[in-house]
Each structure stands twice: as structure tokens, then as C-alpha cells.
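Under our numbering, read the sequence shown as residues 77 to 266, first letter to last.
Remarks on the structure that follows.
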Amino acid sequence: MVDEPSATSRSGSARTVAARSRPRRNMHRAEADVTGDDRFNLMFRPALEDMDVIVCGDLPPQLRGSLNELATIARGRTYASGLPAVCKQLDLRQGARTLLVLKVSEPSSDLEMLLSLRQRFPETVVVIVSPEFTRNDFSCERLAICDASLRLEAGSVAFAVAISAAIANHRVHLARMGRSKSGRRSLGPR
77 MVDEPSATSR SGSARTVAAR SRPRRNMHRA EADVTGDDRF NLMFRPALED MDVIVCGDLP
137 PQLRGSLNEL ATIARGRTYA SGLPAVCKQL DLRQGARTLL VLKVSEPSSD LEMLLSLRQR
197 FPETVVVIVS PEFTRNDFSC ERLAICDASL RLEAGSVAFA VAISAAIANH RVHLARMGRS
257 KSGRRSLGPR
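Next up, the structure:
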């Protein structure tokens, strides 16, 4: 057990104790909250609570636990076997906030399919998992095809960061398309 500094010790100032006792603010970014079992939860819960999650492809074991945790936060989770099933699920959820976690074997050969999926369902937050990626990408670099991308070997922390980054990056994607959250064309700055 690790001893925490008291309010009277030199290393544990009253400022530290006060910082621990302050209520948390609802921040619109990834947060690291330690849960009861000391695992880090980096997923932005408020954004996920009203989202449906669709998973396509067999994710590796190290990501399945994170996916199960995501399912406890999100409104619902569905597995789809292949692109036609994904499109059918997305058609059923027209207008609903949806996160798609898609395993793609070769993104370069599936580029047309990914572009088409993005154009047909622009309101869907997309995270691509692939063995072809040499690094995780949480930036807006691949917005044409997805909101975040992960190496197949990524761990649970990278998965959680990818989900939060994808939600944030999706706002940029919608802004670039001139769309609001409701899917209607934006008339410009408010």
C-alpha cells in the first residue's frame, strides 16, 4: 500500500489535498479516471453514453476487454460480419449517433470501399484497426477514411485514446464538410 502525504507534511501540501477534494469538471476531452480496480478509463463517457457501437471484424484479444468496457458505457453494441451488414446496420440507425470499429486487412486495397463508406454515412464516427498500420494515428490525417486508426497490436490504452480522439476528430470532419451534428448543412459560423 502506498502512503499518501498528509496535509501537514512538507511533500504533501494543503494544495495537493485541496486539489484531490475538488469536484471534477465535465471536460470535453479524454480524461484519465482511475476506477475501483485501478484500470485507467480514458474514454469520454458522456459522448459515448448516447452512441451505438458497431464492430466489424475479429479484434485481437487485447482489444476485446476494452470493447467489452466500451459496451457497458455505450447505448448498445452490435457485431456485423462484412461491409453489407455494416451498411444495413447504419441504414437502420439513420440519424443516430454511431461509432464503427472496423478491422481492415489491407487499407490501401480497400481505399475505395472506405471512401464510399465515409461518403454514404458521414455522421458515423469511424475507427479502423489494421495490421498494415505501422503506428497508431489519433490525428486528423486520415479523415477522408476514418476519425482514428490503430495498429492491430495496439493495447487497451491506445484503444481508449483512439475512441476519444475519433469523437473529437469527427467534429473536425463534420466542420470540413459543412455539416452540423444534426446532419444538416451548416450556414457558416454562428
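Just so you know, even glycine gets a beta-carbon here, dropped at the ideal spot from N, CA and C.
Taking C-alpha atoms, which residue in Phe214, Pro122 and Met127 lies nearest to Gln170? Met127
In three-state DSSP terms, what is Cys132? strand
Can you tell me the Cβ-Cβ gap for Val129 and Leu178, rounded? I've got them flagged as a contact below 8 Å. Going by Cβ atoms, the distance from Val129 to Leu178 rounds to 11 Å, so no, they are not a contact pair.
Rounded to whole angstroms, what's the CA-CA distance from Arg101 to Ser185? Just pull it up for me. In this prediction, Arg101 has a pLDDT of 43, which is less than 50 and means its spatial position is unreliable; what the coordinates show is noted afterwards. Arg101 and Ser185: Cα-Cα distance of roughly 44 Å.
Where do the N-terminal and C-terminal ends of the beta strand (DSSP E) with Val201 fall, by residue? Val201 to Ser206
Under 6 Å Cβ to Cβ from Cys216, same chain only, skipping five residues before and after it: list those, please. Asn245 and Val248
With DSSP collapsed to three states, give me the class of Thr210. coil
If you measure between the beta carbons of Val191 and Ser206, is that distance less than 8 Å? Before going further, note that residue 191 is Leu rather than Val in the sequence given. No; because the gap between Cβ atoms is not below 8 Å, this pair is not in contact.
What first and last residue would you give for the alpha helix (DSSP H) that runs through Arg227? Counting along the chain, Arg227 falls outside any alpha helix (DSSP H), though it belongs to the beta strand (DSSP E) covering Ala224 to Arg227.
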